[in-house]
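Asks: Be aware that the sequence shown starts at 23, since it is given in my numbering, and climbs by one per residue.
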Amino acid sequence: MTNLNETHDPALASWVESANAPESDFPIQNLPYGLYREAGSGDPGRVGVAIGDQILDVTTAAAEMSGAAKDAAELCNGETLNELMSAGNGAWSVLRAGLSGLLREGGPADALLGALTAQADAEMLVPANIGDFSDFWASLTHATNAGKINRPDNPLLPNYKHLPIAYHARSSSFGVSGTAVRRPEGQVKPPGADSPVFKPCARLDYEMELGLYIGPGNDIGSPIALDDAEEHLFGVCVLNDWSARDIQAWEYVPLGPFQGKNFANTISPWVVTMEALAPFRTPAYERAADDPALMPYLASDANAAAGGIDIKLEVLISSAKMRAAGTPPALIGASRFKDMYWTAAQLVTQHTASGCNLRPGDLLGSGTVSDEDSFGSLLETSWAGSRTFTLPCGGERTFLEDGDEVIMRGYCEADGARRIGLGECRAEVLPS
Numbered sequence: 023m024t025n026l027n028e029t030h031d032p033a034l035a036s037w038v039e040s041a042n043a044p045e046s047d048f049p050i051q052n053l054p055y056g057l058y059r060e061a062g063s064g065d066p067g068r069v070g071v072a073i074g075d076q077i078l079d080v081t082t083a084a085a086e087m088s089g090a091a092k093d094a095a096e097l098c099n100g101e102t103l104n105e106l107m108s109a110g111n112g113a114w115s116v117l118r119a120g121l122s123g124l125l126r127e128g129g130p131a132d133a134l135l136g137a138l139t140a141q142a143d144a145e146m147l148v149p150a151n152i153g154d155f156s157d158f159w160a161s162l163t164h165a166t167n168a169g170k171i172n173r174p175d176n177p178l179l180p181n182y183k184h185l186p187i188a189y190h191a192r193s194s195s196f197g198v199s200g201t202a203v204r205r206p207e208g209q210v211k212p213p214g215a216d217s218p219v220f221k222p223c224a225r226l227d228y229e230m231e232l233g234l235y236i237g238p239g240n241d242i243g244s245p246i247a248l249d250d251a252e253e254h255l256f257g258v259c260v261l262n263d264w265s266a267r268d269i270q271a272w273e274y275v276p277l278g279p280f281q282g283k284n285f286a287n288t289i290s291p292w293v294v295t296m297e298a299l300a301p302f303r304t305p306a307y308e309r310a311a312d313d314p315a316l317m318p319y320l321a322s323d324a325n326a327a328a329g330g331i332d333i334k335l336e337v338l339i340s341s342a343k344m345r346a347a348g349t350p351p352a353l354i355g356a357s358r359f360k361d362m363y364w365t366a367a368q369l370v371t372q373h374t375a376s377g378c379n380l381r382p383g384d385l386l387g388s389g390t391v392s393d394e395d396s397f398g399s400l401l402e403t404s405w406a407g408s409r410t411f412t413l414p415c416g417g418e419r420t421f422l423e424d425g426d427e428v429i430m431r432g433y434c435e436a437d438g439a440r441r442i443g444l445g446e447c448r449a450e451v452l453p454s
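(1) Label Glu402 either buried or exposed according to how many other C-beta atoms from any shown protein chain fall within 10 Å of its C-beta, with 16 as the threshold for buried.
(2) Relative to the alpha-carbon of Gly407, which residue among Phe256, Ala224, Ser195 has its alpha-carbon at the smallest distance?
(3) Residues in its own chain within less than 7 Å of Ala215 by CB, not counting five upstream and five downstream?
(4) With DSSP run on the structure shown, which of helix, strand or coil describes Pro318?
(5) Pop quiz: Ala356 and Glu336 are said to be a contact at Cβ under 8 Å. What is the actual Cβ separation, rounded to whole angstroms?
(6) Verify whether the separation of the beta carbon atoms of Thr139 and Ile77 is less than 8 Å.
(7) Among Phe302, Asp312, Gly257, Cys378, which residue has its Cα nearest to the Cα of Gly243?
(8) Just verifying my parser: in three-state terms, what is the DSSP assignment at Glu402?
(9) Cβ of Gly237 within 8 Å of Cβ of Val260?
(10) Taking C-alpha atoms, which residue in Ser40, Gly383, His164 lies nearest to Arg126?
(11) Measuring alpha carbon to alpha carbon, tell me which residue in Leu452, Ala449, Glu450, Leu444 is nearest Asn52.
(12) To the nearest angstrom, report how far apart Phe158 and Glu229 are at their CA atoms.
(13) Taking a contact to mean a Cβ-Cβ separation below 8 Å, would you say Leu226 touches Leu106 in this structure?
(14) With distances taken from CA atoms, which of Pro351, Arg358, Pro301, Trp364 is nearest Leu413?
(15) Please work out which residues of its chain come closer than 6 Å, Cβ to Cβ, to Ala342, disregarding the five sequence neighbours upstream and downstream, and give them in chain order.
(16) Could you spell out where the beta strand (DSSP E) holding Met430 opens and where it closes?
(17) So, helix, strand or coil for Pro301, using DSSP?
(18) How many Å lie between Ala328 and Ser392 at the Cα?
(19) So, helix, strand or coil for Cys259, using DSSP?
(20) Over what stretch of residues does the alpha helix (DSSP H) that includes Ser122 continue unbroken?
(21) Around the C-beta of Val219, are 16 or more other C-beta atoms found within 10 angstroms, so that it is buried, or is it exposed?
(22) Could you say which of Met344, Ala150, Ala168, Val203 lies nearest to Ser454 if we only look at CA atoms?
(23) Quick one: residues in its chain with C-beta nearer than 7 Å to the C-beta of Pro186, no 5 flanking neighbours on either side, listed in chain order?
(24) Comparing alpha-carbon positions, which option in Ala310, Asn111, Val148 lies nearest Gly239?
(25) Taking the DSSP output, what are the residues bridged to Cys447?
(26) Would DSSP call Ser396 helix, strand or coil?
(27) For the alpha helix (DSSP H) containing Asn325, list its first residue and its last residue.
(28) Is it true that the CB of Met146 sits closer than 8 Å to the CB of Tyr235?
(29) Three-state secondary structure (DSSP) at Ile242?
(30) Exposed or buried, which one is His254 when buried takes at least 16 other CB atoms within 10 Å?
(31) Going by DSSP, what residue range makes up the alpha helix (DSSP H) through His373?
(32) Which first and last residues belong to the alpha helix (DSSP H) in which Met296 is found?
(33) So the beta strand (DSSP E) Asn287 belongs to, where does it begin and stop?
(34) In this structure, how does DSSP classify Thr82 when only helix, strand and coil are distinguished?
(35) Identify every run of the beta strand (DSSP E) within the stretch 141-182, keeping only runs that are complete inside it and at least 3 residues long; order them along the chain.
(36) Could you check whether the stretch 194-202 touches the stretch 277-296, counting it as contact only if at least three pairs of C-beta atoms, one from each stretch, sit closer than 8 Å?
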């Protein structure tokens, strides 16, 4: 686990004044990475760090650094974060310390003012070349609820508490926050029908998840031990794993998710590093006394003591009618990543237990983050369409309608630490 250091000091302030606002997602204690360009420029993009409402160009900032910090900054000269992701904790930590020093009060503001771009003037891009994407099912609450809906007599599958379950998913359809999502079409078997029809999805859903970016990979045939797993995690983002529930229901058996899941995934543009999350570590989920004992490769004292991360996630919906009336988005669900049954380290270890090799920039989805009384999917909120909820300005919902915008946010708060945010993950639903 990453230890606290001077970059986490809650008393630190920046010469970028907007970073000092208490409500800012991006104070100097955060410093997440992203890929950006000036809006409308068509440039390939460059690596930046969010600070307040600004973005600092890391390549330009490298000129003000020396030694190992400068070397690490120069890994950001490319058009993705993959090279930095591959460098490992030593490079990440020294670069973070260097950037923190440059951006603190008393830092070289005059030299770096020209390296700042207002976030409002920037176009954000997918920050890494995501070679592979695997989606887990790490929330016991979500897994139980989905089971109750689909298998009332046997809601939780017998393997769930023995190992983190996942499926290999599609990486080609990722879009960054702000990219619209078109309603998919596919085969659907209506209730009572003898045969399926091909039609637009009528049960379009979101899944509020945390995305985990892999840093250094592992050689094929070489599993990653649990206490080494976080050495292979670079950082996190907010992830919306879009789901076409009616398409998914017809195709799901026997091989699992396919077209009900492969048409779109939306991610927040900023990658919050594992080091920035150090003040928000918690014990792992406390398993019930009658839960099966973990196999040794999924258990350690260190993971039990601090494997959790207290990240709060929220999902909101804004209908076209609400936006036209100037009505704020409606909060639909809020939950906490620390309540996940499986930790981030356990997901990495399970993924590689067979000898599977991970690569820098690969992304792991946590699965839907749901609490007992607040859910990260409409499958749960509407209980598979049997319950409705009402949005401001009118309009009942069970699943998403065309023109709805889904907004997800993440942030961390703890006593003795500065609040940090993960930014927004938003997308509007377009007609099929």
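Think of the CB as a built atom: it goes at the ideal place given N, C-alpha and C, for glycine as much as any other residue.
Replies: Based on what the coordinates show:
(1) buried
(2) Ala224
(3) Around Ala215: no qualifying Cβ.
(4) Note: Pro318 maps to helix in three-state DSSP.
(5) 5 Å
(6) The Cβ atoms of Thr139 and Ile77 lie closer than 8 Å to each other.
(7) Gly243 has its Cα closest to that of Cys378, out of Phe302, Asp312, Gly257, Cys378.
(8) helix
(9) Contact: no.
(10) Ser40
(11) Leu444
(12) 12 Å
(13) no
(14) Pro351
(15) Gly425
(16) 427-434
(17) helix
(18) 20 Å
(19) strand
(20) Its alpha helix (DSSP H) spans residues 111-125.
(21) exposed
(22) Selected option, being the one with the closest Cα: Val203.
(23) Phe158, Ala160, Trp364, Gln368, Leu369, Gln372
(24) Looking from the CA of Gly239, the closest CA among Ala310, Asn111, Val148 belongs to Asn111.
(25) Met430
(26) coil
(27) 323-328
(28) One thing to note: Tyr235 has its Cβ no nearer than 8 Å to the Cβ of Met146.
(29) coil
(30) Looking at its Cβ environment, which holds 16 or more other Cβ atoms inside 10 Å, His254 is buried.
(31) 366-374
(32) Segment: none, Met296 is in no alpha helix (DSSP H) and carries neither H nor E.
(33) 287-289
(34) helix
(35) 144-147, 155-158
(36) yes
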